[in-house]
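A.B. asks: Read in the UniProt record's numbering, the sequence shown has 41 at position 41, and its numbers run on one by one without any break.
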Amino acid sequence: MITKSLFGKTKDDQDVHAYELKNENGTSITILTLGGIIQSIKVPDKNGKFDDVTTGFDNVADYEVNPAYFGAIIGRVANRIFRGEFDIDGVTYRASLNQEQACLHGGL
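(1) Any idea if Val91 is buried or exposed, counting beta-carbon neighbours within 10 angstroms, 16 or more meaning buried?
(2) Please identify the residue among Thr30, Asn47, Arg76 and Val60 whose C-alpha is closest to the C-alpha of Thr54.
(3) Would you report the Cα separation of Cys103 and Tyr19, rounded to the nearest angstrom?
(4) Report yes if the C-beta distance between Arg94 and Gly106 is below 7 Å; otherwise report no.
(5) Based on the DSSP secondary-structure assignment, which residues constitute the bridge partners of Ile41?
(6) Going along the chain, which residues of its own chain have a beta-carbon closer than 7 Å to the beta-carbon of Lys9, five neighbours each way excluded?
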């Protein structure tokens, strides 16, 4: 089952929705429309009690100043590409810059 709810608003007044995907056993994942952030994963322990196993926030404001990128979906790299450029077989590829002069964790 998939449910959609309003999670909050960004500082620019944009709606952020949460999509919860839940299976017949009750295991669920919640994904935000704020960059595809994984906000929650709930699974049962050995006694059947469900608990969230992710480190995340309960509001949009905390994600907007999230220095650890909790829940972030990492792009094609999990590090920095200086100047956002790299070569493969003689072809130069350019990635978006999202941190000063670098592409960090896949860029935008």
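Ideal placement from N, C-alpha and C gives every residue a C-beta, glycine not left out. Keep in mind it's a predicted model, so treat the numbers as computed, not measured.
C.D. replies: Taking the coordinates as given:
(1) exposed
(2) For the set Thr30, Asn47, Arg76 and Val60, the Cα lying nearest the Cα of Thr54 is the one of Thr30.
(3) Distance from the CA atom of Cys103 to the CA atom of Tyr19, rounded to whole angstroms, is 28 Å.
(4) no
(5) Ile29
(6) Asp15, Val16 and Val60
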